[in-house]
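In my numbering, the protein residues as written are 51 to 629.
One structure is given here, and the rest of the page talks about it.
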Amino acid sequence: MNNIRSYIPILDWLPKYKKSYIKGDLLAGITVGVMLVPQGMAYGLLAGLPPIYGLYASIIPLFLYAFFGTSRQLSVGPVALVSLLILAGVGQFAETGTEAFIGMAIATALIAGLIQILLGVFRLGFLINFLSHPVIAGFTSAAAFIIGLSQLKNLLRIDIPRSNFIHEVVINTVQNIGDIHWPTVALSFGGIAFILILKRIRKSIPGALLAVIVSTAAVYLFGLQDRGVEIVREVPGGLPPVSVPHIDWPMVMQLLPLALTICLISFIESLAISKTIEAMHKDYRVIPNQELIALGLTKIGGAFFHSYPTTGSFTRSAVNNDSGAKTGVSSMISAVLIALTLLFLTPLFFYLPKAILASIIVVAVINLVDYKEAVHLWRTDRTDFMTMMVTFVATLTLGIQDGVFTGIILSLAFMIYRNSKPHISILGQLPNSRSYRNINRFEKAIRHNQILIVRFDAQLYFGNASYFRESMEGLVEKEGRELKLLILDASSIHDIDSSGIKILEELMAYLEQRKVQFYLSGAIGPVRDILKKNGLIEKIGAKNHFMYIHDAVEAFHKRQDAGEEDSWSPDAVQTNEER
Numbered sequence: 051m052n053n054i055r056s057y058i059p060i061l062d063w064l065p066k067y068k069k070s071y072i073k074g075d076l077l078a079g080i081t082v083g084v085m086l087v088p089q090g091m092a093y094g095l096l097a098g099l100p101p102i103y104g105l106y107a108s109i110i111p112l113f114l115y116a117f118f119g120t121s122r123q124l125s126v127g128p129v130a131l132v133s134l135l136i137l138a139g140v141g142q143f144a145e146t147g148t149e150a151f152i153g154m155a156i157a158t159a160l161i162a163g164l165i166q167i168l169l170g171v172f173r174l175g176f177l178i179n180f181l182s183h184p185v186i187a188g189f190t191s192a193a194a195f196i197i198g199l200s201q202l203k204n205l206l207r208i209d210i211p212r213s214n215f216i217h218e219v220v221i222n223t224v225q226n227i228g229d230i231h232w233p234t235v236a237l238s239f240g241g242i243a244f245i246l247i248l249k250r251i252r253k254s255i256p257g258a259l260l261a262v263i264v265s266t267a268a269v270y271l272f273g274l275q276d277r278g279v280e281i282v283r284e285v286p287g288g289l290p291p292v293s294v295p296h297i298d299w300p301m302v303m304q305l306l307p308l309a310l311t312i313c314l315i316s317f318i319e320s321l322a323i324s325k326t327i328e329a330m331h332k333d334y335r336v337i338p339n340q341e342l343i344a345l346g347l348t349k350i351g352g353a354f355f356h357s358y359p360t361t362g363s364f365t366r367s368a369v370n371n372d373s374g375a376k377t378g379v380s381s382m383i384s385a386v387l388i389a390l391t392l393l394f395l396t397p398l399f400f401y402l403p404k405a406i407l408a409s410i411i412v413v414a415v416i417n418l419v420d421y422k423e424a425v426h427l428w429r430t431d432r433t434d435f436m437t438m439m440v441t442f443v444a445t446l447t448l449g450i451q452d453g454v455f456t457g458i459i460l461s462l463a464f465m466i467y468r469n470s471k472p473h474i475s476i477l478g479q480l481p482n483s484r485s486y487r488n489i490n491r492f493e494k495a496i497r498h499n500q501i502l503i504v505r506f507d508a509q510l511y512f513g514n515a516s517y518f519r520e521s522m523e524g525l526v527e528k529e530g531r532e533l534k535l536l537i538l539d540a541s542s543i544h545d546i547d548s549s550g551i552k553i554l555e556e557l558m559a560y561l562e563q564r565k566v567q568f569y570l571s572g573a574i575g576p577v578r579d580i581l582k583k584n585g586l587i588e589k590i591g592a593k594n595h596f597m598y599i600h601d602a603v604e605a606f607h608k609r610q611d612a613g614e615e616d617s618w619s620p621d622a623v624q625t626n627e628e629r
């Protein structure tokens, strides 16, 4: 039963549901639902779909996540970033708004969902860690610019050819700047100001919904549609139709890169939100692999109800949590509210101006530009700053998907480079203590004559084995003929592969030629097991293997005083297994 609960978390928390939760869940569900109506339509428009598809994506996915998700406050549904990915990715193969485009957007949800479920079932969630935070920050910041510029068509009501490249959008906008429709401009920028002002007055005020109501009333009362203001017009009523998504193998091959990108981005976005909210609650834990399964199911289940890919929303999740949500019941209430809207309120959207939907999108993505992170990385880590900037520029110039993959490749390249040349330090003894520290950081650290103590701060594997050998031989050469002992502090070495073993053997042979003894200190249990399995404990000699550096230093001095000749053979009586 416990195993079933781990895959269907609602079976764990629903039987423990308390009456005291009802008020918070009800208030949060209604608040998020009210927020989701205009946002959903806006994001549907951003994705290149009829606005109603944003509402279709706001029912079944919410129910499914409530059943299978491990975060009790995460609000899933359509979001700006994934909507932009759909627009850019599917737009390569079909004209926006067409049946072909809609079908491919839904098929993308199915493919991305299957990938996420497979990753979750096989517990491969750790692979997402290779998409570093600087890559995400650079990508989302660039995406915010692209999203904002993609809405110029609706904000200004000018004819701009769709493009995934920012420079083309800017050029096309400048070329058509004379065609600006000023009533639309007044409406759109007035909407942005209206929402931002209400947001500043009080975050809980549903500014987007009020903007929709006021603007729709204004268009209807003053006949603005007859003056050139574009409106949504007829919105189909009723719940989303149930159907099996059309998909074939050629389509899978076309959409696979897009689906992989959405799979990665949507999971990282959701997990980041979930972990942030989890820290505020002590009654549950977010489980990454189960989150993958839950998010995959929301996409697959939603696809059968005409939903395009969904994920967790930063803003709606924050509102959900702040409004007092205790469980996934709040998401179910939001979904019911959207369903009621589809059943009874869609005729009211006829006069809704597209400019206001564009305004809602612009306000939503303003906070995606992470300039604070850029400043922080510039001050603290120039490599990560460069990764963020390259991803940012690549996303703007090469396109959404290529920008993400450029960032991933760059961050992996930096990771490999860092691991291939890890930190190596020479240690000295602190006065009146048994502690040994980096002589470049501790001025009072004292080096012992004839002894070189080196700490290697990484795993020893094929990627850095040559660097390890070259560094060690270089340090030994620098010490000259006075050097009698090399002590390797292995306390920071957490793993050794076969290449590392071979390099250690070569180092020992090199030291033997130079008549320099070799001691090993501080190796952790798993590393000792590897050394023993490969026969290195015997080659080093158990008496030359120590738990603490100071013990190694004292042993060397005692052996020198006793005139003892060191040998690489295992001539010690005791073993070091217990150490």
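Glycine included, every Cβ here is placed at the ideal spot set by N, Cα and C.
Computed from a prediction, not measured in an experiment: that's the story for all the values here.
A424 is positioned such that its CB atom lies no closer than 7 Å to that of A309. Here Q225 is exposed, its C-beta having fewer than 16 other C-beta atoms within 10 Å.
According to DSSP, residue pairing for L538 in a beta bridge involves V504 and L570. With respect to the C-alpha of S324, the residue from L342, R609, I80 and Q509 having the closest C-alpha is L342. Fully enclosed beta strand (DSSP E) runs of no fewer than 3 residues are not present anywhere in the region 222-280.
Under the criterion of beta carbons closer than 8 Å, L259 and V87 qualify as touching, at roughly 6 Å. Within the model, the alpha-carbon separation for N514 versus N469 is close to 7 Å. Of the residues L169, L407 and Y57, the one whose Cα lies closest to the Cα of V282 is L407.
For I474, the enclosing beta strand (DSSP E) covers residues I474 to Q479. F492 sits in coil when the DSSP states are folded into three classes, being neither helix nor strand. Taking a 10 Å sphere around the C-beta of D229, we find fewer than 16 other C-beta atoms and assign the residue as exposed.
For T361, the three-state secondary structure derived from DSSP is strand.
Inter-residue distance for A155 and V140 is about 6 Å (C-alpha atoms, whole angstroms).
In terms of Cα proximity to R505, the closest of K494, L570 and R564 is L570. With fewer than 16 other CB atoms across the displayed protein chains lying within 10 angstroms of its CB, W299 is exposed. When V412, G273, P184 and M303 are compared, the shortest CA-CA separation from I459 is found for P184. With contacts defined by Cβ atoms closer than 7 Å, T360 and V126 form a contacting pair. Contact between the region 343-356 and the region 106-126 is established, with three or more Cβ pairs separated by less than 8 Å. Take the alpha-carbon of A329 and the one of V386: they are about 28 Å apart. With fewer than three CB-CB distances shorter than 8 Å, the region 487-497 does not count as touching the region 528-545. According to the DSSP assignment, D579 belongs to the alpha helix (DSSP H) that extends over G575 to K583. The region 163-180 makes no contact with the region 363-374; the number of CB pairs closer than 8 Å stays below 3. T445 is positioned such that its CB atom lies no closer than 7 Å to that of A157.
DSSP lists no beta-bridge partner residue for L134.
Using a C-beta cut-off of 8 Å, the region 435-452 makes no contact with the region 273-292, since fewer than three inter-stretch Cβ pairs fall below that distance. Restricting attention to alpha helix (DSSP H) runs no shorter than 4 residues, the region 300-373 encloses them at 338-353 and 364-372, ordered along the chain. Looking only at Y560, I551, R335 and Q567, the smallest Cα-Cα distance to G585 is reached by I551. CA-to-CA, the gap between A78 and V369 works out to about 7 Å.
Residue pairing of V126 in beta bridges, as defined by DSSP: G362.
If you draw a straight line from the Cα of I165 to the Cα of A130, it comes to about 21 Å. Following the DSSP letters along the chain, one finds V82 inside the alpha helix (DSSP H) bounded by residues S70 to L96. For S381, the uninterrupted alpha helix (DSSP H) segment begins and ends at V379 to F394. Secondary structure note for G453: its alpha helix (DSSP H) is the uninterrupted segment I450 to S470. One alpha carbon belongs to N179, the other to D452, and they sit about 19 Å apart. If you look at M154, you'll find it in the alpha helix (DSSP H) that goes E149 to V171.
The C-alpha of G74 is placed about 54 Å away from the C-alpha of R487.
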